[in-house]
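*Asks:* Shown below is the structure under consideration.
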Amino acid sequence: APMIRGLGAAMGTAVAAVHERHGVEVRCGVQVKAIEVDAGRVRGVALGDGSVVPADVVVVGVGVAPATEWLAGSGLNVTDGIVCDETLAAAPGVYAAGDCARWTNPLFGEDGEEMRVEHWTNAAEQGAHAARNMLAVAAGGAPVAYETVPFFWSDQYDRRIQFLGRAHGDDEIRVVAGSLDDKFVALYGHGGRLRGVLALSMPKLLMPYRQLLTDRIPWDDALAYAA
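If you want it as structure tokens, here you go:
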């Protein structure tokens with residue numbers, strides 16, 4: 011399913027249905043074998059299953075990787091990003107923020123969860139927090155943990171996809187409002203706690219859950235709130 015890392019298989023399939031309802035064919039688990047070209051122009055995309063998709067324009071999305079090569083030999087822990095503690099400190103006097111920062115978020119998991127978030131809202135909030143911590147330490151104070159609820163959204167056709175929190179493959183998922191055939195809100199639970207919320211064109215119902223995630227609300231309480 012598309013967006014499986016961020017949404018999980020079931021909800022990724024529900025999002026794919028939005029495209030299918032607009033006449034877009036979504037093919038997953040199929041590799042691109044070759045780009046077919048005629049007279050210097052693309053004419054089609056040959057797939058690993060033997061089929062060819064006629065095309066005049068090809069858009070390739072292959073993901074990103076943090077640009078940390080310049081830190082080789084610096085002594086910092088660079089593992090799919092600059093590894094930081096919960097205060098965004100990568101080493102004494104060194105802080106990181108943005109897409110390259112991998113830090114331990116105390117809001118998730120029993121001992122916090124290490125995560126790296128690739129969204130501009132996180133980069134802006136994280137950069138400001140890192141700056142405050144640097145100033146606090148410089149003044150002889152103590153840094154504060156960066157506890158945040160990750161948030162991303164995407165406008166697709168006439169629908170807005172919004173997600174709060176984190177998702178994992180073994181989460182329990184409950185649709186608590188609407189229908190997968192139209193607009194809906196779905197809750198993600200793991201380890202007895204609410205971990206994430208997905209909304210398709212239901213922003214007013216979604217946003218109150220951000221505070222509930224910040225408060226580490228138990229799963230049963232989240233379901234009761236939704237009811």
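First residue of the sequence shown? That's 11 in the numbering used here, and the numbers climb one at a time after it.
Positions of the beta carbon are idealized from the N, C-alpha and C atoms, including for glycine.
1) Please report how far the alpha carbon of Arg31 lies from the alpha carbon of Arg53, in whole angstroms.
2) One question on the structure: do Leu208 and Ala196 come within less than 8 Å of each other, judged by their Cβ atoms?
3) Give me the residue from Lys193, Asp231, His200 with the minimum Cα distance to Arg3.
4) Pull up the CB-CB distance for Trp242 and Gly202, whole angstroms please, since I reckon it's below 8 Å.
5) Based on the DSSP secondary-structure assignment, which residues constitute the bridge partners of Arg170?
6) Looking only at its own chain, which residues have a Cβ that is under 8 Å from the Cβ of Arg37, when we skip the five neighbours before and after it?
7) Going straight from the alpha carbon of Ile227 to that of Leu233, what length do you get?
8) What's the call for Arg176, buried or exposed, on a 16-neighbour Cβ count within 10 Å?
9) What's the C-alpha gap between Tyr156 and Gly188?
10) Does the distance from the CB of Leu98 to the CB of His139 come in under 8 Å?
11) Classify Val28 as helix, strand or coil using the three-state DSSP reduction.
12) Among the candidates Val186, Leu210, Pro153, whose CA atom is the shortest distance from the CA of Tyr167?
13) If you follow the beta strand (DSSP E) that Gly188 is part of, which residue opens it and which one closes it?
14) Using beta-carbon positions only, say whether Val104 and Leu86 come within less than 8 Å of one another.
15) Which ranges does the beta strand (DSSP E) cover as unbroken runs of at least 3 residues, wholly within the segment 62-117, from first to last along the chain?
16) CB-CB under 8 Å to Val159, same chain, minus the five flanking residues each way: which ones, in chain order?
17) Given this structure, state the Cα-to-Cα distance separating Val47 from Asp231, to the nearest angstrom.
*Replies:* So, to answer that:
1) 26 Å
2) yes
3) An answer regarding residue 3 cannot be provided, because it is not within the stretch 11 to 237 covered by the chain.
4) Because the chain in this structure spans residues 11 to 237, residue 242 falls outside the shown range and cannot be described.
5) Asp165
6) Leu57
7) 10 Å
8) buried
9) 34 Å
10) yes
11) helix
12) Leu210
13) 182-188
14) yes
15) 62-64, 99-101, 111-115
16) Leu117, Leu174, Gly175, Arg220, Leu223, Thr224
17) 57 Å
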